[in-house]
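Per my numbering, residue 107 is the first one in the sequence shown, and the count goes up by one each step.
The structure appears right after this line, and notes come after that.
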Amino acid sequence: MNLAQNILKSGKSVSLSSNVIALKYNVPGCGYAGASQTSRIDDLSDISKSTDGGNRSKIEITEKLRDRNYGTVAVATSESILQEMPEPRGIPVFGTLFSFILSGGPKKQHEYVDKRHKELGPVYKERIGPTTAVFVNSIHEFRKIFRLEGSTPKHFLPEAWTLYNEIRKCRRGLLFMNGEEWVYFRKILNKVMLLPDPTNLMIAPCQEVAIELKRKWQKQIKTNNIISNLQVQLYQWSIEAMMATLMGSYWYSYKHQLSRDFEILAETLHEIFEYSAKLSIIPVKLAMNLRLPVWKKFVASADTAFEIVRMLVPEMAKLGGNGLLKKMMDEGIRAEDAICIVTDFILAAGDTTATTLQWILLLLCNHPEKQEELFKHLKDLSQEDILRLPLLKGIIKESLRLYPIAPFISRYLPEDSVIGITCLITLFERS
């Protein structure tokens with residue numbers, strides 16, 4: 107991708123449209139904050155009452171909802187009638203796996219689920235290979251699920267990761283914690299991460315890393331006018347930004363000492379997420395027992411990444427600093443626990459941040475006139491004010507709407523619950 111002409115010109119940067127405000131958009135199949143959709147009556151308590159609060163008859167409700175393309179239910183005052191949720195036709199064992207693969211597999215999963223919602227409605231169930239999931243696309247039901255999840259929400263984790271942790275006997279960070287352990291560490295991190303103005307902890311270190319990346323790209327442009335291997339460079343940038351946030355102002359002094367393996371780590375992180383996506387559509391234990399190449403590559407990549415990061419974190423703790431790591435340890439997190447938490451911070455920063463920024467850069471390049479508009483807004487603002495700029499926030503949200511980095515928020519519900527018009531046992535289950 108030739109980004110030289112569009113990114114690093116002295117006057118360039120972007121907005122995607124004149125009304126890039128995420129709140130007005132709906133992302134079918136995506137439950138990110140801010141997504142909206144046409145209001146509809148999905149709550150049983152709503153459809154059983156008229157606008158003046160009076161009870162309505164079954165016939166009246168059924169007539170009102172006849173135009174829906176998914177199952178509806180009439181609710182009497184003394185009983186509820188639950189109906190089977192819609193489900194696409196599949197085959198035993200595999201479910202709809204082959205349809206899913208033909209539609210593009212994990213990389214196109216959000217588009218595949220969007221199509222299913224259009225066919226089956228806002229709540230439906232589907233078995234894709236080893237995983238049976240209930241997919242929800244309703245703001246009302248999102249709220250209900252978050253209320254039902256309790257004080258210690260449990261989310262779906264890729265089986266490849268959990269199996270790897272098991273065979274390597276790895277302790278992991280917040281993403282892999284549940285119950286009281288999760289609550290304990292989350293409360294500590296909330297004190298640090300949810301400060302009245304946490305940007306003071308992050309702006310200066312991240313700015314330094316961004317300036318360094320700009321210098322690197324300008325040097326490459328003078329050589330061949332092309333920024334090569336962009337994705338790996340963005341992975342490396344996101345890792346460095348996370349490390350700088352953890353170290354604070356000490357990062358610049360120890361950067362060369364700590365970043366010797368960052369390029370290898372960046373390449374390895376990209377491979378980890380690529381292989382884990384492929385493993386998500388097959389039984390992972392079977393892949394391990396059969397020693398399939400994709401499993402062996404996943405394990406090798408994870409081993410390399412953990413070896414690098416688990417050497418980095420103790421070294422960072424020893425060097426000290428005034429960043430996020432120091433504040434975590436000042437709040438009482440032990441060194442061995444900090445290693446687990448920070449390791450996941452670094453690993454998670456790679457894929458999510460780098461991929462999102464890559465899409466943003468592509469959209470910026472495709473809208474050069476908006477780059478100029480954004481640049482004019484940004485050039486005279488302080489670092490703190492930049493983060494409050496509506497145009498910049500709109501560009502980020504619009505990019506995530508078009509190319510969602512995490513199109514699903516997953517939950518296991520602790521007990522049987524009514525979601526929409528169906529009885530839901532768990533939001534995710536594996537066979």
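No residue lacks a Cβ here, since even glycine has one placed at the ideal position from N, Cα and C.
Since this is a predicted model, take the numbers as computed values, not measurements.
**Q.** Simplified DSSP state of GLU232, which is helix, strand or coil
**A.** In the three-state DSSP reduction, GLU232 falls in the strand class (E or B).
**Q.** As assigned by DSSP and simplified to three states, the class of ILE387
**A.** Secondary structure at ILE387: coil, using DSSP grouped into helix, strand and coil.
Q. Given 8 Å as the limit, is there contact between the stretch 347 to 365 and the stretch 313 to 321, that is, 3 or more CB pairs closer than that?
A. A contact exists between the stretch 347 to 365 and the stretch 313 to 321.
Q) For SER257, which of LEU281, PRO236, VAL289 has the nearest alpha-carbon? A) Nearest to SER257 by alpha-carbon distance, out of LEU281, PRO236, VAL289, is VAL289.
Q: Between the Cα of LEU364 and those of GLU373, LYS403, LEU352, GLU265, spot the shortest distance and give me the residue it belongs to.
A: Comparing Cα positions, the closest option is LEU352.
Q. Given that a residue counts as buried once 16 or more other Cβ atoms are within 10 Å of its Cβ, and exposed if not, what is ALA393?
A. Buried.
(Q) Quick check: the Cα distance between MET308 and ASP491, rounded to an integer number of angstroms? (A) When the Cα atoms are used, MET308 and ASP491 turn out to be separated by approximately 14 Å.
Q. Is PHE252 near the ligand NAP, judged by its Cβ being under 6 Å from some heavy atom?
A. Among the components of this structure there are no ligands whatsoever, and the ligand NAP is therefore not found.
Q: Name the residue from ALA444, GLN339, ILE501, TRP401 whose alpha carbon lies nearest to the alpha carbon of VAL420.
A: The amino acid occupying residue 420 in the given sequence is Pro; Val does not appear at that position. With distances taken between CA atoms, PRO420 lies nearest to ALA444 out of ALA444, GLN339, ILE501, TRP401.
Q.
Tell me which residue opens and which closes the beta strand (DSSP E) that PHE241 is part of.
A. 237 to 242 is the span of the beta strand (DSSP E), which, as asked, contains PHE241.
Q.
So, at 6 Å on beta carbons, what are the nonlocal neighbours of ALA460 in its own chain, with the 5 sequence-adjacent residues on each side left out?
A. Correct list, in chain order: LEU340, TYR341, SER344.
Q. So ILE502 is in the alpha helix (DSSP H); what residue range does that whole segment cover?
A. Where ILE502 is concerned, the enclosing alpha helix (DSSP H) stretches over 496 to 508.
Q.
Assuming the contact rule is C-beta atoms closer than 8 Å, GLU346 and PHE368 should be a hit. Round their C-beta distance to whole Å, please.
A. At roughly 7 Å, the Cβ-Cβ gap stays under 8 Å, so GLU346 and PHE368 are in contact.
(Q) Can you find the residues in the same chain that come closer than 8 Å, C-beta to C-beta, to ARG321, ignoring five residues on each side of it along the sequence? (A) Taken in chain order, the list of residues that qualify is empty.
Q) With 16 other CB atoms within 10 Å as the buried threshold, where does GLN489 fall? A) In summary, GLN489 is exposed, with fewer than 16 beta-carbon neighbours lying within 10 Å of its beta-carbon over all protein chains present.
Q) Should GLY500 go down as buried or exposed, given a rule of 16 or more other Cβ atoms within 10 Å for buried? A) By the Cβ neighbour-count rule, GLY500 is buried, with 16 or more other Cβ atoms within 10 Å of its own.
**Q.** Span separating the alpha-carbon of ARG274 from that of ARG397
**A.** Spanning the two alpha carbons is a distance of roughly 16 Å.
Q | SER334 burial status per 10 Å Cβ neighbour count (16 or more: buried) | A | Flag for SER334 reads exposed.
Q) Taking ARG233 as the reference, which of PRO194, ASN271, ASN243 has the closest Cα? A) Selected option, being the one with the closest Cα: PRO194.
Q. Nearest to HIS376 by CA position, among GLU442, LYS221, ALA455, SER209, is which residue?
A. Out of GLU442, LYS221, ALA455, SER209, ALA455 has the C-alpha closest to the C-alpha of HIS376.
(Q) If contact is defined by three or more beta carbon pairs under 8 Å, each pair taking one atom from either stretch, is the stretch 233 to 242 in contact with the stretch 382 to 392? (A) Verdict: yes, contact present.
Q) What does DSSP give as the partner residues of GLY201 in its beta bridges? A) In DSSP, GLY201 forms a bridge with ILE197, ILE234.
**Q.** Paired residues, beta bridge with LYS424 - DSSP
**A.** According to DSSP, LYS424 bridges with nothing at all.
Q: Assign GLU521 to buried or exposed, taking buried as 16 or more other Cβ atoms, counted over all protein chains shown, within 10 Å of its Cβ.
A: Result: exposed.
Q. Under the DSSP definition of a beta bridge, which residues are partnered with TYR518?
A. Bridge partners of TYR518: LYS260.
(Q) Could you give the first and the last residue of the continuous alpha helix (DSSP H) run that contains LYS476? (A) Segment 474 to 484, the alpha helix (DSSP H) holding LYS476.
Q: Please confirm whether SER523 and LEU254 have their CB atoms less than 7 Å apart.
A: Yes; because the gap between Cβ atoms is below 7 Å, this pair is in contact.
Q. By how many angstroms is the C-alpha of LEU336 removed from the C-alpha of LYS325?
A. The alpha-carbon atoms of LYS325 and LEU336 are separated by roughly 14 Å.
Q. Between PHE404 and ALA512, is the Cβ-Cβ spacing less than 7 Å?
A. Contact annotation: PHE404 and ALA512 have beta-carbon atoms that are not nearer than 7 Å.
**Q.** Between the CA atoms of GLU286 and PRO510 - distance to the nearest angstrom
**A.** So the alpha carbons of these two residues sit roughly 31 Å apart.
**Q.** Residues near VAL298 by beta carbon distance below 7 Å, same chain, minus five either side
**A.** Here the set comprises LEU430, LYS433, MET434, GLU437.
Q | Contact check, ALA423 vs ALA441, beta carbons under 7 Å | A | Yes. Within cutoff.
Q: Entirely within the stretch 273 to 335 and at least 4 residues each: give me those alpha helix (DSSP H) ranges in chain order.
A: Correct list: 285 to 299, 305 to 330.
Q. PRO228 and GLY526 look like a contact to me (Cβ under 8 Å); what is the Cβ gap, rounded to whole Å?
A. That pair is a contact at about 7 Å.
Q: Pick out whichever of LYS485, LEU480, LEU508 has its Cα sitting closest to the Cα of PRO496.
A: Looking from the CA of PRO496, the closest CA among LYS485, LEU480, LEU508 belongs to LEU480.
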